[in-house]
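*Asks:* Quick note on numbering: the sequence shown equals residues 457 to 1138 in the working numbering. Every residue gets a Cβ at the ideal spot worked out from N, C-alpha and C, and that includes glycine. Below is one structure. I have some questions about it.
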Amino acid sequence: MRDYKSEDVRNLVVLGHNGSGKSSVIQSMLFEAKQIERIVTASSGQSLLDFEPLEVQKGQTLSLKLVPIEWENRKINCIDTPGYSDYVAETLSGFSVGDNVLIVVDAGASVDEGTKSAFRWAQRDQKPTIFFVNKMDSEQVSFHKIYNELRDELGKSIIAFEIPIRENDQVIGSINLLSKKVWYYDNPETPQEVPAEYQEQVDAHWDEICEAVAMTEDSLMENYFENGSLTEEEILRGVSLGVRSGDIRPVYCGSADKGIGMRRLLDLITEYFPSYYEKGEVQAEDDRKNPRTLKTQEDEVLSAQVFKTIVDPFVGKISYLKVLSGVLSSDSDVYNANRDEDERINTVYSVNGKHQIAVGKLFAGDIGAVTKLQYTKTFDTLSTEANPIIHSIPDIPAGLFGMAIWPKTKKDEDKLSPSLAKIIEEDVGALYTKDPETNEQILYGLGEQHLDTMITKLKDKYGVEVSTTVPKVPFRETIRKKVVGEGRHKKQSGGAGQFGHVFIEFEPFDTDEMVYETRVVGGAVPKQYFSAVEQGLREAMVEGVLAGYKVVGVKATLFDGKYHDVDSKEIAFKQAARLAYLDAMAKAEPQLLEPIVQLVVTTPEAYTGTIMGDLNKRRGIIQNVEAIDNSLQEITAEVPKVEVIKYLSDLRSMSQGSASYTEDFVRYDAVPESLVNQLLER
């Protein structure tokens, strides 16, 4: 593959709902470009895109893939992404480096959440977008049904550039509305005239295109209103402007499985989608957080951002990156300003599915890979020490669905940590923590399927087997009454004995840790034993008397006691303090506390009522409901943590996968007396 300058590169991220045929569309374009010999399914195990064992088993894309397509002296870097919401971190990683968006829609389905989410992202980041209505070879599908739904749901910027021709309920060809020519599937090389019975439809769509084009430029609008029409040259210029600005989002149709419509789709991508070069400039920072404006071309200082990391058992670490300015060359030294570390680039690769092809260099705007970087992580920036650059990190959702994992054998235990580290390095949506209170190792993902995928990968790739349990909720215990506890420890077993006797006042206090004071007079307890009493109390309060949870919100004051000149020791007063604690807790009206979290739920307006009702059932308190962009609502509520352990799955079920949320700890609140036993049993 030859080198491509930035003006000749198109970075295309392919989005859409699970099952819409994204991978098939890319394969079909590859086939049209004569870069593969046939189109295969993921389950065949022979796909250039879905080649991981789990992808073959499930027949779906689970991680982003990269394939370059060479077409008309242009290079199209196609970024294939998962459509299932559990793998949205992978999808957004790919979206972050795609300058243009292709949204694949299933002709036989409705406008589903994957389509809506993809459109919202493209609209938010103002990325040029094309829709491809796939599977038009299926019987009884209606292009205009899905097209009208797209316009009703997503807006009038969505404009048909192609409509199908039917005969006996079969799609036999399509009409290109820009050229007003027909391509029949049995004769795809020769354009034909539009049949008379379709002329009215073509005219109506032509008016849509003219109106949309007229809105892109004042001079075009004047010509349109004066003449009632636009010339072919004006239409082409207006389409180019409209696609780049997002005012026009063309809709094409065809069938990836049958290779229908691919040539015109490739032409549209190369003709109307902008190159990275056209961006002009990109904003970044230096290593001191000073803003830097960089030109998106080759004669600029080097900056390249890693957007995907793969840990390959044979090759080692592979880092997918996009060159955002300058040129990245083989046999060069670079600098990672995020880590303050030098790295060595041995070979620069172009990535073609599961294959890496060595190339001499990558120019600004191009995407490729390097191997065996020692310090660099996903979303780090590579630059030079003379000109350190750091690019911003895309907003990737954090894993909220957690399960405690337990190694099955000692061998699994030994291999668990290093294996998990490799999985976390590959997957920006994954998170691993060890809870110091419950002593559980918790693996977080973006849903049950995502978590299952990571656990399967642990077993199949690294030979580590684990079992899972629902994580324990870290309750707390406190007291409601001021009391005095007495602790007397005496031990005589030959030789020197042990003696310590204390009186300690316990009272409620606003604190996360115990507050300890002394008020001893007359030397009833010598000062050298004060710290032993404190240590004994702190160790005792790790376990409460109700259910063994940590005790908080207590002030303990040592005010009296007794000692023995010979037998008193630190260990004796430490034990006496523990006994005083147990004596007091029984009288101090102990109370169970539960963690309260704040949820901020983002949902389409249609599901707001259902979600608010569900939060109320979970003992939640709604704090605010606010309308945000794109017909979305933001619901803020405080909810007991125990009620939302598996909230992610429930929320997706309630909203058909369209809602998301963030979660932050707020405080601990008392558990209602009527629920104490029920929660402890749960």
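1) Would you mind stating whether K478 and V597 have Cβ atoms separated by less than 8 Å?
2) Return yes when the Cβ of F587 is within less than 8 Å of the Cβ of L721, no when it is not.
3) For Y1037, count neighbouring Cβ atoms within 10 angstroms of its own Cβ and tell me buried if that reaches 16, exposed if not.
4) Could you have a look at I619 and say whether DSSP puts it in helix, strand or coil?
5) How is S552 classed by DSSP in three states: helix, strand or coil?
6) Taking N474 as the reference, which of E511, N467, I495 has the closest Cα?
7) Under a three-way DSSP split, which group does Q948 fall into?
8) Looking at C-alpha atoms only, which residue of P874, L606, N556, L610 is the closest neighbour of R585?
9) In chain order, which beta strand (DSSP E) runs of at least 3 residues are fully inside the region 814-875?
10) Give the DSSP-derived three-state secondary structure of D796 in the structure shown.
11) Between the C-alpha atoms of K833 and Q502, what's the straight-line distance to the nearest angstrom?
12) With the cut-off set at 8 Å, would you say K1030 and A988 are in Cβ contact?
13) Using the C-alpha atoms, what's the distance from P509 back to K917?
14) Taking E530 as part of the alpha helix (DSSP H), name the residues at either end of that continuous run.
15) Can you tell me whether DSSP reads P509 as helix, strand or coil?
16) Beta-carbon within less than 7 Å of Y972's beta-carbon, same chain only, minus the 5 sequence neighbours each way: which residues are those?
17) Out of curiosity, what's the CA-to-CA distance linking E493 and I911?
18) In chain order, what residues of the same chain have a beta carbon less than 6 Å from the beta carbon of I716, not counting five sequence neighbours either side?
19) Run the CB neighbour count on T672, radius 10 Å, all protein chains shown included, and call it buried at 16 or more, exposed below.
20) Just to confirm, are D868 and V922 a CB contact at a threshold of 8 Å?
21) Excluding the five sequence neighbours on either side, which residues of its own chain have a C-beta within less than 6 Å of the C-beta of E1082, listed in chain order?
22) At which residue ranges does the region 1098-1130 contain complete beta strand (DSSP E) runs of 3 or more residues, listed in the order of the chain?
23) Can you check whether the CB of G821 is closer than 8 Å to the CB of N604?
24) Return helix, strand or coil for I774, following the three-state DSSP convention.
25) Alpha helix (DSSP H) containing Q655: first to last residue?
26) What are the start and end residues of the alpha helix (DSSP H) that includes V481?
27) Under a three-way DSSP split, which group does F965 fall into?
28) When you compare the CB positions of D1125 and I1067, do they come within less than 8 Å of one another, or not?
29) The beta strand (DSSP E) with T925 in it runs from where to where?
30) Which of helix, strand or coil does DSSP assign to Q596?
31) With a threshold of 7 Å on Cβ separation, who are the neighbours of H1020 within its own chain once the five nearest residues in sequence on each side are excluded?
32) Can you tell me whether S1144 is buried or exposed? The criterion is at least 16 other CB atoms within 10 Å of its CB, across all chains shown.
33) Mind checking which residues open and close the beta strand (DSSP E) that includes T765?
34) When you compare each of L1049, T517, V1001, Q626 to L1035 by their alpha carbons, which one comes out closest?
35) Are the Cβ atoms of I898 and T889 separated by less than 8 Å?
36) Taking 8 Å as the threshold (C-beta atoms), are D703 and A668 in contact?
*Replies:* Inspection of the coordinates gives the following:
1) no
2) no
3) buried
4) strand
5) helix
6) E511
7) coil
8) Note that residue 585 is Thr in the sequence shown here, rather than Arg. Per the Cα distances, N556.
9) 817-819, 823-827, 837-839, 857-863
10) coil
11) 30 Å
12) yes
13) 10 Å
14) For the record, residue 530 in the displayed sequence is Arg; it is not Glu. Here R530 belongs to no alpha helix (DSSP H); instead the beta strand (DSSP E) covers 530-536.
15) helix
16) E990, L993, A1012
17) 35 Å
18) Y641, G710
19) buried
20) yes
21) E1090
22) 1116-1126
23) no
24) strand
25) 655-670
26) 478-488
27) coil
28) no
29) 922-925
30) coil
31) F955
32) Any answer about residue 1144 is impossible in this case: the structure gives the chain only from 457 up to 1138.
33) 759-768
34) V1001
35) yes
36) yes
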